[in-house]
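Every position in the sequence shown, counted from 1, becomes a number in this note's numbering once 71 is added. For glycine and all other residues, C-beta sits at the position ideal for the given N, C-alpha and C. Quick notes on the structure that follows.
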Amino acid sequence: MNLGQLEVFVAIANSGSLKKGAEAVGLTHSAVSYSLSKLEAELGVKLLDRGKHGITLTRIGEVVLSHARNIITELEIIRQQTSRERGLHVGKIRFACVPQVPSRLLTGIIREFQHQYPDIEVVLFQGHETEVLEWLDNRLVDAGTVMQPNGYPLAVPFLEDQIYVLLPKDHRLAQEPRVGLQYLENEPLIGRSREVEATTELNPTSAFRTLQLQYQVTETQTAVAMVAEGMGITMVPRMVLEDVADEKIVSKPLHPKVTMRAFLVANVDSPITNAFLNLAQVWTKTHGYLPPDT
72 MNLGQLEVFV AIANSGSLKK GAEAVGLTHS AVSYSLSKLE AELGVKLLDR GKHGITLTRI
132 GEVVLSHARN IITELEIIRQ QTSRERGLHV GKIRFACVPQ VPSRLLTGII REFQHQYPDI
192 EVVLFQGHET EVLEWLDNRL VDAGTVMQPN GYPLAVPFLE DQIYVLLPKD HRLAQEPRVG
252 LQYLENEPLI GRSREVEATT ELNPTSAFRT LQLQYQVTET QTAVAMVAEG MGITMVPRMV
312 LEDVADEKIV SKPLHPKVTM RAFLVANVDS PITNAFLNLA QVWTKTHGYL PPDT
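In structure tokens form, the structure reads like this:
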């Protein structure tokens with residue numbers, strides 16, 4: 072049992088539904104359902120009843136909810152007091168993020184940071200990786216997300232995920248449970264060049280390196296729309312599949328498995344920047360966006 076599971080349980084109980092609870096904690100419906108099931112399994116009791124009219128607490132669920140709320144409240148007090156003691160009570164962190172990072176991940180980290188450091192202002196910038204790199208180099212932002220962390224004094228793994236291929240619904244491989252990379256060599260690939268380069272570097276022995284980028288785009292939704300029109304294929308991390316759903320396309324895992332990774336980097340070593348990077352990495356590990364042993 073961990074704090075993340077308790078926060079999920081409290082969010083579901085407060086909102087009365089899995090969907091609203093998921094929105095409150097910045098996770099997917101499936102991730103919240105899994106977290107709740109795991110908590111119930113670890114405790115050995117059923118906390119919620121799921122019926123036609125929504126979710127209701129069991130008797131023991133009401134008891135656990137009361138304790139869970141107290142735990143979260145007390146931890147919040149500890150966080151605020153210790154942050155002030157460490158000299159992090161005031162300040163600003165300017166954070167640049169690429170649009171490919173799921174909004175639930177982004178909002179979850181910012182919400183948690185503001186919980187722990189309520190008097191530190193978070194200023195969010197969003198742009199493509201070339202813009203993020205420029206902002207970092209010009210010290211316009213303190214931290215940012217990149218695909219390749221080379222050359223930065225501070226860098227931590229931020230997220231890691233399996234790559235899926237998106238195909239038109241009538242594609243010759245659309246009925247396959249998974250798609251071998253060797254069957255995609257002559258397919259027109261739609262995507263971002265830096266992501267393709269970084270993914271190839273991370274998977275050097277994979278046939279992924281044989282794919283040729285035909286259409287360069289800056290937005291995932293543009294690539295999805297082009298796939299839906301039969302113009303080619305694109306690759307996306309598994310975590311964004313829910314956000315790019317389209318009845319004209321299908322998603323398939325690649326074989327052999329291909330992985331993507333993103334990093335949080337900073338040019339300036341400061342207490343606030345370190346705190347933000349460390350918290351972000353812990354949050355992504357706790358919520359399944361990064362392997363625990365990374």
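Per-residue DSSP class, three states only, for residue i
i      : result
Arg121 : strand
Lys109 : helix
Arg302 : A small correction: the amino acid at residue 302 is Met; Arg does not occupy that position in the sequence shown. Residue state, collapsed to three classes: coil.
Glu256 : coil
Pro362 : coil
Val315 : helix
Gly97  : coil
Leu211 : coil
Leu114 : helix
Ala346 : helix
Arg243 : coil
Val250 : strand
Thr291 : helix
Arg43  : Outside the shown range of the chain, which is 72 to 365, sits residue 43, and nothing can be said about it.
Limits of the beta strand (DSSP E) - the one that residue i falls within
i      : result
Asp232 : 225 to 239
Pro324 : 320 to 326
Leu195 : 191 to 197
Gln285 : 284 to 287
Thr330 : 330 to 337
Contacting residues, own chain, Cβ-Cβ under 6 angstroms from residue i (five flanking each side not counted)
i      : result
Glu258 : Ile304
Asn338 : Leu207
Val116 : Ile131
Met310 : Pro173, Asp232
Thr357 : Gly75
Ala299 : Asp317, Lys319, Ile320
Thr365 : Pro228
Extent of the continuous alpha helix (DSSP H) to which residue i belongs
i      : result
Val161 : Neither: Val161 is in no alpha helix (DSSP H) and is coded neither H nor E.
Arg182 : 174 to 187
Gln76  : 74 to 86
Cβ neighbours of residue i in the same chain (closer than 7 angstroms, five flanking residues each side left out)
i      : result
Arg113 : Per the sequence shown, the amino acid found at residue 113 is Glu instead of Arg. Same-chain partners within the cutoff: Met72.
Residues near residue i in its chain [Cβ-Cβ closer than 8 angstroms; skip 5 each side]
i      : result
Leu110 : Met72, Gln76, Leu77, Val79, Phe80, Leu118
Next on the checklist: Three or more C-beta pairs under 8 angstroms: does that hold for the region 129 to 147 against the region 309 to 325?
Outcome noted: no
Checklist entry - Is it a yes or a no for the region 246 to 258 touching the region 212 to 230, going by three-plus beta-carbon pairs under 8 angstroms? => result no
Next on the checklist: With three or more beta-carbon pairs closer than 8 angstroms as the criterion, would you say the region 159 to 173 touches the region 207 to 216?
Outcome noted: yes
Next on the checklist: Using a Cβ distance threshold of 8 angstroms, determine whether the region 97 to 107 contacts the region 171 to 186, with at least three qualifying pairs required.
Outcome noted: yes
Item to check | Contact between the region 181 to 190 and the region 341 to 360 (3+ Cβ pairs under 8 angstroms) | outcome: yes
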